[in-house]
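A.B. asks: In our numbering, the protein residues as written are 34 to 166. There's a structure below that I have some questions on.
Here's what the structure looks like:
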């Protein structure tokens, strides 16, 4: 995702100003803490930032741009490949999670009370139909 952002910006990330954190594969929290120690910049997800913002001195510089969105998908298992799945309960869960009145509200409000801002944003097709901007 990060390299795609650089490409869209027409910038080749190289040289002394660009540093790849060697332990980035350990997760986003260590990456963000390292970024803080180095007084550097990073591209990171909102949930990670909000969960440790009180431990660091970094602030969000850019947010809300379409290219920064990190979608999470719900993919029901293919019953033709896995015939033993409980298809009825699977589809009940899918319908509940994508519902603008149920699961999408939980997604919208998740983390607001604890972190002062949502960690995730609802985006199901059903949500989009009923919440057009």
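Glycine included, every Cβ here is placed at the ideal spot set by N, Cα and C.
Take residue 140 and list the residues in its own chain whose beta-carbon comes closer than 6 Å to its own, dropping the five residues that flank it on each side.
C.D. replies: Your numbering for residue 140 matches position 107 in the chain shown. Around residue 140: 153, 155.
A.B. asks: Could you tell me whether the region 81-95 touches the region 57-68, where touching means 3 or more Cβ pairs closer than 8 Å?
C.D. replies: yes
A.B. asks: Quick check: the region 67-82 against the region 91-98, are there 3 or more CB pairs under 8 Å?
C.D. replies: yes
A.B. asks: Leaving out five residues on either side along the sequence, give the residues of the same chain with a beta carbon under 8 Å from the beta carbon of residue 142.
C.D. replies: Numbered from its first residue, the chain shown carries residue 142 at position 109. 151, listed in sequence order.
A.B. asks: With a CB to CB cut of under 6 Å and the five nearest residues on each side skipped, what residues in its chain are close to residue 20?
C.D. replies: There is no way to answer for residue 20, as the model of the chain reaches only from 34 to 166.
A.B. asks: Within its chain, find whatever has a CB closer than 7 Å to the CB of residue 54; leave out the 5 residues flanking it on each side and keep chain order.
C.D. replies: Indexing the chain shown from 1 puts residue 54 at position 21. Here the set comprises 64, 67.
A.B. asks: Thinking C-beta only, is residue 61 closer than 8 Å to residue 77?
C.D. replies: For this step, residue 77 is matched to residue 44 along the chain shown. For this step, residue 61 is matched to residue 28 along the chain shown. Residue 61 is positioned such that its CB atom lies closer than 8 Å to that of residue 77.
A.B. asks: Given a cut-off of 8 Å on the beta-carbon distance, is the pair residue 107 and residue 130 in contact?
C.D. replies: Against the chain shown, residue 107 aligns to sequence position 74. Against the chain shown, residue 130 aligns to sequence position 97. A contact, by the Cβ cut-off of 8 Å.
A.B. asks: From residue 135 to residue 157, what distance separates their C-alpha atoms?
C.D. replies: Mapped onto the chain shown, residue 135 falls at position 102. Mapped onto the chain shown, residue 157 falls at position 124. When rounded, the distance between both Cα atoms is 12 Å.
A.B. asks: Have a look at residue 41 and residue 98 and give me their C-alpha separation to the nearest angstrom.
C.D. replies: By 1-based counting over the chain shown, the position of residue 41 is 8. By 1-based counting over the chain shown, the position of residue 98 is 65. Cα-Cα distance, rounded: 13 Å.
A.B. asks: Pick from 58, 43, 149: whose alpha carbon is nearest that of residue 80?
C.D. replies: As a working mapping, residue 80 is identified with position 47 in the chain shown. Comparing Cα-Cα distances from residue 80 to each of 58, 43, 149, the minimum goes to 149.
A.B. asks: Determine, using beta carbons only, whether residue 127 and residue 109 come nearer to each other than 8 Å.
C.D. replies: On the chain shown, position 94 is the one that residue 127 refers to. On the chain shown, position 76 is the one that residue 109 refers to. Contact flag set, yes.
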